[in-house]
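Numbering (the numbering used here), first residue to last: 552 to 901. We put the beta carbon where it would ideally sit given N, CA and C, even for glycine. Everything on this sheet refers to the single structure shown next.
What follows is the structure, encoded as structure tokens:
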């Protein structure tokens, strides 16, 4: 292997970690590609165009996938299950690299202008039980705000059908979500009679009427996870999707404006799944100060699911920590709810 430059050595390590910690056992295609990209100076240099704060491997591989989806007759596309519908045993890295070089200008444009905003619907596997318990406390109207909502599909958590350890627990839908409970009890999902207002905030909300936005949303799904493609396609057809209000925003002032418009007599739930890691340290500190300040003026809940090293160390987990912070009567209580993986297809309840 050639010696990598100082500028790309750190990126190489990020692809190695991505392969070992996220792709291994989840995506053979991305595992193989990430290992090879980690050793390729030219492709790593392309990755320097990724917007600051974005997960580099996810953004780069999604940008390539975007052009595969737009060029389904390209030779490389036969290696992508998202195009063929068939699993891929191996991929020619030379072919992959040649495709990247051919579409380099467009890929760089995506890296400079797009952000990673995946709608991983299976994360609803832990959202639903927690939201259900909160909503069951009273019959007051509820406003739920998703920070980093992308297309807002996870706000339709109550419109899917849920299977835990192969047992159907909730819902009546053609969109079926499966989850393995590794530790803890089976979820007790209570029927919801509350009136729910659903709001999504995102830097660049996905406009489903825009072909480029829709292709980007699809490109963010890992190519060899066929079930996620099916779920995404079906979730995009959910009738109540149009009832979700999507708002462009990325600053504390934006968040504050949305929250202050919510009736203080309503139950308020804010949540963020794998979004806060993209905040700068200053913005993250400002965000938590915003929550604490708001907690002095109204009761609300904040649910987070993150897998940063700091969060993992704090809660003693090696994967994603799901944490519920309750602000009630000007008091703050943080509760570690569960450990899960990035896609929410297994859970260890606390």
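Output the boundary residues of the alpha helix (DSSP H) element that contains residue i.
{"i": "residue 879", "result": "Per DSSP, residue 879 belongs to no alpha helix (DSSP H); it is in the beta strand (DSSP E), 871-879."}
{"i": "residue 764", "result": "762-770"}
{"i": "residue 805", "result": "803-811"}
{"i": "residue 592", "result": "592-597"}
Does the separation of the CB atoms of residue i and residue j fall below 8 Å?
{"i": "residue 838", "j": "residue 803", "result": "yes"}
{"i": "residue 611", "j": "residue 627", "result": "no"}
{"i": "residue 785", "j": "residue 825", "result": "no"}
{"i": "residue 895", "j": "residue 676", "result": "yes"}
Using the Cβ count rule (16 or more neighbours within 10 Å means buried), how would you classify residue i?
{"i": "residue 643", "result": "exposed"}
{"i": "residue 552", "result": "Reliability of the predicted coordinates at residue 552 is poor, the pLDDT of 46 falling under 50, and the value obtained from them is presented with this limitation in mind. Per the 10 Å Cβ criterion, exposed."}
{"i": "residue 867", "result": "exposed"}
{"i": "residue 836", "result": "exposed"}
{"i": "residue 793", "result": "exposed"}
{"i": "residue 815", "result": "exposed"}
{"i": "residue 562", "result": "buried"}
{"i": "residue 846", "result": "buried"}
{"i": "residue 848", "result": "exposed"}
{"i": "residue 645", "result": "exposed"}
{"i": "residue 781", "result": "exposed"}
{"i": "residue 613", "result": "buried"}
How would you write the range of the beta strand (DSSP E) that residue i sits in, first residue to last?
{"i": "residue 900", "result": "897-900"}
{"i": "residue 569", "result": "Careful: residue 569 lies outside any beta strand (DSSP E) and carries neither H nor E."}
{"i": "residue 732", "result": "727-734"}
{"i": "residue 853", "result": "851-857"}
{"i": "residue 845", "result": "Note, residue 845: premise wrong, no beta strand (DSSP E); alpha helix (DSSP H) at 832-845."}
Going by DSSP, name the residue or residues bridged to residue i.
{"i": "residue 689", "result": "According to DSSP, which records beta bridges pairwise, residue 689 is partnered with nothing at all."}
{"i": "residue 718", "result": "715"}
{"i": "residue 749", "result": "695"}
{"i": "residue 823", "result": "855"}
{"i": "residue 796", "result": "750"}
Output needed for residue i: all residues of its chain with C-beta closer than 7 Å, excluding positions within five of it in sequence on either side, in chain order.
{"i": "residue 594", "result": "588, 648, 651"}
{"i": "residue 605", "result": "666, 667, 829"}
Near residue i, which residues of its chain fall below 8 Å by C-beta distance, leaving aside the five closest residues on each side in sequence?
{"i": "residue 731", "result": "715, 716, 896, 897, 898"}
Within the same chain, show all residues whose beta-carbon is closer than 6 Å to that of residue i, passing over the 5 residues directly before and after it, in chain order.
{"i": "residue 800", "result": "752"}
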